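**Q** Numbering (our numbering), first residue to last: 1 to 146.
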């Protein structure tokens, strides 16, 4: 390992430490603690996950499964209840904002190296090739990236 590599690794450690200390990360951890610190909410999440497993089993047979209607209705109601929960909504918002910041950091680093570097991102704004995959193949996938 060269001195240059060690410098890069040290800088990345410093960047990671700054990200962890950021307000967005702190808000994310607070929201996560609020969700998983609420025993009743955790119980609802676990019930939903169990019902989701049943849902996946029923999906294999579709409307011909004897429990299709009951499972579909129950899963939708449970998901809606979780989606409307203020703690879950705050957690998801914090998670989305944090992911946006991490996507931006990754995009910024990639662009500093080359505009052809692929960026795996949940944000389509950061995808630069016309094939939509950020392939950076120079057109090998028949896209117009070049």
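In this text, a Cβ means the ideal position worked out from N, Cα and C, and glycines have one as well.
What you are looking at is a predicted structure, and each value in this text was computed from that prediction instead of being measured.
Using C-beta distances below 7 Å, list every residue in its chain close to residue 99, excluding the 5 sequence neighbours before and after it, in chain order.
**A** On the chain shown, residue 99 is found 99 positions in, with the first residue counted as 1. Closer than 7 Å at the Cβ level, and outside the excluded window around residue 99, lie 122.
**Q** Could you tell me whether the region 103–121 touches the region 51–70, using the rule of 3 or more Cβ pairs below 8 Å?
**A** These segments do not touch.
**Q** So, residue 38 versus residue 79, is the Cβ gap smaller than 8 Å?
**A** As a first step, residue 38 is located in the chain shown; it is residue number 38 there, counting from the start. As a first step, residue 79 is located in the chain shown; it is residue number 79 there, counting from the start. Result no, Cβ atoms of residue 38 and residue 79 do not sit closer than 8 Å.
**Q** For residue 89, count the other beta carbons within 10 Å of its own beta carbon; 16 or more makes it buried, fewer makes it exposed. Which is it?
**A** Translated into positions along the chain shown, residue 89 becomes position 89. Classification for residue 89: exposed.
**Q** Is residue 94 near residue 36, with beta carbons less than 8 Å apart?
**A** For this step, residue 94 is matched to residue 94 along the chain shown. For this step, residue 36 is matched to residue 36 along the chain shown. Contact flag unset, no.
**Q** Alpha helix (DSSP H) containing residue 7: first to last residue?
**A** Locating residue 7 in the chain shown gives position 7, counting from the first residue. Its alpha helix (DSSP H) spans residues 3–20.
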